[in-house]
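**Q** The opening residue of the sequence shown carries number 1 in the UniProt record's numbering; numbering runs sequentially from there.
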Amino acid sequence: MMGGGGGRGGRVAMRDEAAQKAVNADAPRVPDLGRRIMALFAPHRSALTLTIVLVLLVATITVFPPLLTQRVFDEALFPAAGGPNIDLLWVLVGTMVALLVAANLIGVWQTWITSKVGNQVMGELRNALFERLQGMELAFFTRTKTGVIQSRLQNDVGGVANVLSSTVSSVVGNTVTVIASLVTMLILSWQLTIVAVLLTPVLVLLQRRVGQVRARIATKTQESLSDMTAITQESLSVSGILLAKAFGRQADESKRYRDENDRQIDLQVRLTMSGQTFFALVSIFISVLPAVVYLIAGFLIVGGDAAVTAGTLVAFTTVQARLLMPLMGLLRVALDLQTSGALFARIFEYLDLVPAIEPPADPRPVDPARLGEVEFDDVEFHYPDAKEGERATLDGVSFSLEPGTFAAFVGPSGAGKTTIGYLLPRLHEASAGAVRFAGVDVRELDPTALTDNIGIVSQEPYLFHASIAENLRYAKPDATDEELDAATRAASIYDTIHRFPDGYDTIVGERGYRLSGGEKQRIAIARVLLKDPAVLVLDEATSALDTVSERVVQAALDEAARGRTTLAIAHRLSTIRHADVIFVIDAGRIVEQGTHDELLARGGTYATLFAQQARG
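1. Using a threshold of 7 Å, state whether the C-beta atoms of residue 576 and residue 408 are closer than that.
2. Cβ atoms of residue 541 and residue 457: under 7 Å apart, would you say?
3. Check whether the segment 249 to 256 touches the segment 367 to 376, counting contact only when three or more Cβ pairs, one atom from each stretch, lie closer than 8 Å.
4. Going by the beta-carbon positions, is the gap between residue 156 and residue 343 smaller than 7 Å?
5. DSSP state of residue 500, grouped into three classes?
6. Give me the Cβ distance between residue 274 and residue 210, rounded to the nearest whole Å; I'm assuming they're in contact under 8 Å.
7. Anyone know if the C-beta pair for residue 531 and residue 455 falls short of 7 Å?
8. Report the three-state DSSP secondary structure of residue 565 (helix, strand or coil).
9. With DSSP as the reference, identify every bridge partner of residue 364, one or two as the case may be.
10. Can you find the residues in the same chain that come closer than 6 Å, C-beta to C-beta, to residue 401, ignoring five residues on each side of it along the sequence?
11. For the putative contact between residue 51 and residue 113, defined by C-beta atoms under 8 Å, what is the C-beta separation to the nearest angstrom?
12. Can you have a look at residue 336 and say buried or exposed, based on whether 16 or more other CB atoms are within 10 angstroms of its CB?
13. Indicate whether residue 121 and residue 340 have their beta-carbon atoms separated by less than 7 Å.
14. How big is the Cα-Cα spacing for residue 416 and residue 585?
15. Does residue 491 come out as helix, strand or coil in the three-state DSSP assignment?
16. Could you name the residues of the same chain whose beta carbon sits closer than 8 Å to that of residue 116, not counting the 5 residues immediately before and after it, in chain order?
17. Return the bridge partner residues of residue 407 from the DSSP annotation.
18. Looking only at its own chain, which residues have a Cβ that is under 8 Å from the Cβ of residue 89, when we skip the five neighbours before and after it?
19. Give the DSSP bridge partners of residue 400, in chain order.
20. So the alpha helix (DSSP H) residue 269 belongs to, where does it begin and stop?
21. Could you pull out every residue in the same chain whose Cβ sits closer than 8 Å to the Cβ of residue 186, ignoring the five residues on either side in sequence?
22. Applying the criterion that 16 or more other CB atoms from any shown protein chain within 10 Å of the CB defines a buried residue, is residue 221 buried or exposed?
23. Output needed for residue 670: all residues of its chain with C-beta closer than 7 Å, excluding positions within five of it in sequence on either side, in chain order.
24. Over what stretch of residues does the alpha helix (DSSP H) that includes residue 521 continue unbroken?
25. By the 10 Å Cβ neighbour count, where 16 or more other Cβ atoms means buried, how is residue 388 classified, buried or exposed?
26. Going by beta-carbon coordinates alone, are residue 136 and residue 355 separated by less than 7 Å?
27. So what does DSSP say about residue 458, is it helix, strand or coil?
28. Determine the DSSP secondary structure at residue 214, reduced to helix, strand or coil.
29. On the DSSP bridge assignment, give the partners of residue 643 in chain order.
30. Mind checking residue 547: buried by the 16 CB within 10 Å criterion, or exposed?
31. Run through DSSP, which three-state label would residue 160 get?
32. Which same chain residues end up closer than 6 Å to residue 484 when comparing Cβ atoms and leaving out the 5 residues on each side of it in sequence?
33. Compute the beta-carbon to beta-carbon distance between residue 630 and residue 447, rounded to the nearest angstrom, for a pair I have assumed lies under 8 Å.
34. Using the Cα positions of residue 292 and residue 302, report the straight-line distance between them to the nearest angstrom.
35. Could you give the distance in angstroms between the alpha-carbon of residue 582 and the alpha-carbon of residue 588?
36. Residue 504: which of 517, 142, 518 and 523 sits nearest, CA to CA?
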């Protein structure tokens, strides 16, 4: 055999969630966070440009009513000479109403655009996150709780929804309004303007401090939500409920959820209250400021400032409100951005995950004439999180199989049998050596070429909460009814399905719990047969079944393996006596190989295992 090149070592893409909390209670450090958030909006430049134009238009329009208010008081209601000027009053009031109606109608249009863009960005973020997770290696999911992953997709992305949908319009609109209001106020009275903005820098500094506190609390809140989602997913699944009821642990599970829920309540209260004192100060400032302006105006009038008229004062306080409310809006946005920055960091942390197993840049084609050839060349495998000095799961494993060979792998638990079956379709990556399919290193093949030609039947088949037909067609969406019949007949499940009142439309329940173990396993076999792979991997496919079900399923497996290269990982040695070759695995090495009769005659490890099972 030719020696294989060294494989890529396991790369830990992310730390365990619990370890992450212990090391750093703050948000994950993500470089260029602001730039990356803005990049999310890049595909929506046209809509954002229109939004900015509309916001500027609304902000410009809403500056005029206060100036018109000054004219209403000084020229229409209380002119220097004579009574009210009704004709001018009609014009001014009509203009004010028209401007306000136009501003609100444009505002509705702008809100629709920003809402659409925000939700599209959020949807794209979810899609990108889901696709990234789909590309992660199997080891990532074995070390990460499903509930934690679900929380990143739902709670974290949902937590930034408001920021995505309203930030741009709020920042642009409020900024323009603040600038325009300041200009208008300066035109009306520069002295009163100084009074109105005197404490603004203090508020900005306070806002920054409050935002930092809220960001830390937000990170802990999302971690708690992740834990709650994980508890829900584990405890309320069919398996979790069965386990709790079987051991009488329902009260303990409820307490575990209640404790985490209490922590979540406390964090939510802290998150809500962390900015309330600040906004109370802002509210007091806004409420008191008009009175202060009136007081200063009194001194200015007494001092002989003719520019401060009743109309000027009314217009100024109107504009002042238009300054302070947008300013408060900007402070709120700044707080929301600081808070959501922690959520964005958690999202980008997952988006930045690097799969330990990646497709080749220039994949080689599969030779149809060599389909079914399998070769392991001095293969070594360590799990990515293996400790230094820990024994390799596989160490120097070499064998080759011709097309149509039925090969069995036996040995004690933990010997590395299942790992061999998972290395062939690249569910795991060899740490050293080479795994070849159809004469080509699997690292040089397109992943689709492997999945199309390798079928796996595991000990615990996964069925969706859907009909039998939908579960079968997962392997081949365009399969005809005739193909379903052929596959289910070959898997010895056709008659059973047609005894159900709904036949193929029978709903199997969560994880197939409405079916027996043997029925689920045979449906899984039929699903693989629909795929018609050149190589079949059987991962202890009958070890969890009773004797009667095992015989039926074994017959179906024998039929499925006919004419295919088969790698059968077996616990019960009676199921692989007819194998063309049996490999005995112990401590990650092949210690024996041969036929059933040859291995018995040798009197080694296999013979000992067989004798032990026979006595059992």
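Virtual Cβ for every residue (Gly too), placed ideally from N, Cα, C.
Owing to the predicted nature of the structure, the values given are computational and were not obtained by experimental measurement.
**A** Short version:
1. Looking up residue 576 in the sequence shown gives position 576. Looking up residue 408 in the sequence shown gives position 408. Against a cut-off of 7 Å, the Cβ pair of residue 408 and residue 576 comes out as a contact.
2. Locating residue 457 in the sequence shown gives position 457, where the first residue counts as 1. Locating residue 541 in the sequence shown gives position 541, where the first residue counts as 1. Pairing residue 457 with residue 541 gives a Cβ-Cβ distance under 7 Å.
3. no
4. By one-based count along the sequence shown, residue 156 stands at place 156. By one-based count along the sequence shown, residue 343 stands at place 343. Contact flag set, yes.
5. For this step, residue 500 is matched to residue 500 along the sequence shown. DSSP places residue 500 in coil when its eight states are reduced to three.
6. Counted from its first residue, the sequence shown places residue 274 at position 274. Counted from its first residue, the sequence shown places residue 210 at position 210. Right, their Cβ atoms sit about 6 Å apart.
7. Counting from one through the sequence shown, the residue named residue 531 turns up at place 531. Counting from one through the sequence shown, the residue named residue 455 turns up at place 455. Yes.
8. For the purposes of this step, residue 565 is identified with residue 565 of the sequence shown, where counting begins at 1. Reduced to three states, the DSSP call for residue 565 is strand.
9. Counted from its first residue, the sequence shown places residue 364 at position 364. Bridge partners of residue 364: 445.
10. Taking the sequence shown and counting its residues from 1, one reaches residue 401 at position 401. Result list for residue 401: 374, 407 and 565, in chain order.
11. Taking the sequence shown and counting its residues from 1, the one referred to as residue 51 is at position 51. Taking the sequence shown and counting its residues from 1, the one referred to as residue 113 is at position 113. With a contact defined as Cβ atoms closer than 8 Å, residue 51 and residue 113 qualify at about 5 Å.
12. Residue 336 sits at position 336 when you count from the first residue of the sequence shown. Residue 336 is buried by the Cβ-count criterion.
13. Start at 1 with the first residue of the sequence shown, and residue 121 comes out as number 121. Start at 1 with the first residue of the sequence shown, and residue 340 comes out as number 340. No; because the gap between Cβ atoms is not below 7 Å, this pair is not in contact.
14. Residue mapping note: residue 416 aligns to position 416 of the sequence shown, counting from 1. Residue mapping note: residue 585 aligns to position 585 of the sequence shown, counting from 1. Going by the C-alpha atoms only, they are around 7 Å apart.
15. Translated into positions along the sequence shown, residue 491 becomes position 491. Of the three classes helix, strand and coil, the one that applies to residue 491 here is coil, per DSSP.
16. As a working note, residue 116 is residue 116 in the sequence shown. So the qualifying residues of the chain are 47.
17. Locating residue 407 in the sequence shown gives position 407, where the first residue counts as 1. Answer by DSSP bridge pairing, in chain order: 567 and 581.
18. Numbered from 1 along the sequence shown, position 89 holds the residue referred to as residue 89. Once the five neighbours on either side are set aside, the close Cβ partners of residue 89 are 72, 76 and 77.
19. Walking along the sequence shown from the start, residue 400 turns up at place 400. According to DSSP, which records beta bridges pairwise, residue 400 is partnered with 375.
20. Locating residue 269 in the sequence shown gives position 269, where the first residue counts as 1. If you look at residue 269, you'll find it in the alpha helix (DSSP H) that goes 250 to 273.
21. Looking up residue 186 in the sequence shown gives position 186. Excluding residues within five positions, the ones whose Cβ falls inside 8 Å are 193.
22. Taking the first residue of the sequence shown as position 1, residue 221 is located at position 221. Per the 10 Å Cβ criterion, buried.
23. In the structure as shown, the chain begins at 1 and stops at 616. Residue 670 is therefore absent and cannot be evaluated.
24. Here the question's residue 521 lines up with position 521 in the sequence shown. From DSSP, the alpha helix (DSSP H) with residue 521 extends over 517 to 531.
25. Here the question's residue 388 lines up with position 388 in the sequence shown. The Cβ neighbour count for residue 388, taken over all protein chains shown within 10 Å, is under 16; the residue is labelled exposed.
26. Here residue 136 is taken as the residue at index 136 of the sequence shown, counted from 1. Here residue 355 is taken as the residue at index 355 of the sequence shown, counted from 1. A contact, by the Cβ cut-off of 7 Å.
27. Within the sequence shown, residue 458 is the residue found at index 458, counting from 1. In the structure shown, residue 458 sits in coil (DSSP, three-state: anything other than H, G, I, E or B).
28. Working through the sequence shown from its first residue, we reach residue 214 at position 214. Residue 214: helix per DSSP, three-state reduction.
29. Because the chain in this structure spans residues 1 to 616, residue 643 falls outside the shown range and cannot be described.
30. Start at 1 with the first residue of the sequence shown, and residue 547 comes out as number 547. The residue is exposed, with fewer than 16 neighbouring Cβ atoms inside 10 Å.
31. The residue you call residue 160 lines up with position 160 of the sequence shown. Annotated three-state conformation of residue 160 is coil, per DSSP.
32. Residue numbering aside, residue 484 sits at position 484 when the sequence shown is read from its first letter. Cβ within range, chain order: 472.
33. This structure gives no information on residue 630, because the portion of the chain shown stretches from 1 to 616.
34. Locating residue 292 in the sequence shown gives position 292, counting from the first residue. Locating residue 302 in the sequence shown gives position 302, counting from the first residue. If you draw a straight line from the Cα of residue 292 to the Cα of residue 302, it is about 15 Å long.
35. Start at 1 with the first residue of the sequence shown, and residue 582 comes out as number 582. Start at 1 with the first residue of the sequence shown, and residue 588 comes out as number 588. Cα to Cα, residue 582 sits roughly 15 Å from residue 588.
36. Position 504 of the sequence shown, counted from the start, is the residue given in the question as residue 504. Selected option, being the one with the closest Cα: 523.
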